[in-house]
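S.K.: Residue numbering for the sequence shown follows my numbering, beginning at 22 and increasing consecutively. From the three backbone atoms N, C-alpha and C, an ideal C-beta is built for every residue, glycine too. Questions regarding the structure given below will be posed in turn.
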Amino acid sequence: MHGGLGPSLVEQCNSHSLIDMSLLVRIAPHQFTDAICTSPVLQRYAIEYFLCAPKQGHIKEINIEKQCNTLKSYGFTICKYKPNDYLQKTTDLVTSYGRIVLFNEEYSTLSTDVQVVADLEKKGALISII
22 MHGGLGPSLV EQCNSHSLID MSLLVRIAPH QFTDAICTSP VLQRYAIEYF
72 LCAPKQGHIK EINIEKQCNT LKSYGFTICK YKPNDYLQKT TDLVTSYGRI
122 VLFNEEYSTL STDVQVVADL EKKGALISII
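Have a look at this one:
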């Protein structure tokens, strides 16, 4: 378990919440024991795709939602920048300019949509930097 979106994504995809289970073991051990008698069920898959800026510069346009919102797996976008902001080239997780979260019950559909996002990113369709 980690911070950020991780616990929330796990909770949205599984029948058991890591946060709830962690609390139960401390405050209601008998309920925790009952809860772990039932195996968790994966209800859908999730991917948190971190976006990479290929170069630094000013952002001309952000097209993430426009390009991705028709994907069957599209969940939501988090982007910490707006047009005209200065953006550093992505060199690590901290310098990622945002992320796209994808969900799907079908692993093959999710995988296909992740590849579409990667292709869009590679050809510069998600963000314009000048």
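Below 8 Å, can you find three or more Cβ-Cβ pairs linking the region 99-111 to the region 135-145?
M.R.: The region 99-111 vs the region 135-145: no contact.
S.K.: Under a three-way DSSP split, which group does residue 79 fall into?
M.R.: Correct three-state label for residue 79: strand.
S.K.: Less than 8 Å between the CB atoms is what I'm expecting for residue 114 and residue 67, so what's the real figure, rounded?
M.R.: Actually they do not touch by this definition, with Cβ atoms about 17 Å apart.
S.K.: Go ahead and label residue 120 buried or exposed: buried means 16 or more other beta carbons lie within 10 angstroms of its beta carbon, across all protein chains shown.
M.R.: Counting Cβ neighbours within 10 Å, residue 120 comes out buried, since at least 16 surround it.
S.K.: Please name the residue, chosen from 133, 100, 39, that lies closest to residue 71 on a Cα-to-Cα basis.
M.R.: For residue 71, the nearest C-alpha among the options comes from 100.
S.K.: If you draw a straight line from the C-alpha of residue 38 to the C-alpha of residue 53, how long is it?
M.R.: About 12 Å.
S.K.: Assuming the contact rule is C-beta atoms closer than 8 Å, residue 147 and residue 84 should be a hit. Round their C-beta distance to whole Å, please.
M.R.: Between residue 84 and residue 147 the Cβ distance is about 6 Å, and since that is below 8 Å, they are a contact.
S.K.: Are residue 74 and residue 118 touching if we call contact CB-CB under 8 Å?
M.R.: Closer than 8 Å, so yes.
S.K.: Would you kindly work out how many angstroms separate the C-alpha atoms of residue 86 and residue 138, rounded to a whole number?
M.R.: Answer to the nearest angstrom: the Cα atoms are 11 Å apart.
S.K.: Does the separation of the CB atoms of residue 116 and residue 94 fall below 8 Å?
M.R.: Result no, Cβ atoms of residue 116 and residue 94 do not sit closer than 8 Å.
S.K.: With DSSP as the reference, label residue 62 as helix, strand or coil.
M.R.: Looking at residue 62 - three-state DSSP - the assignment turns out to be coil, as it is neither helix nor strand.
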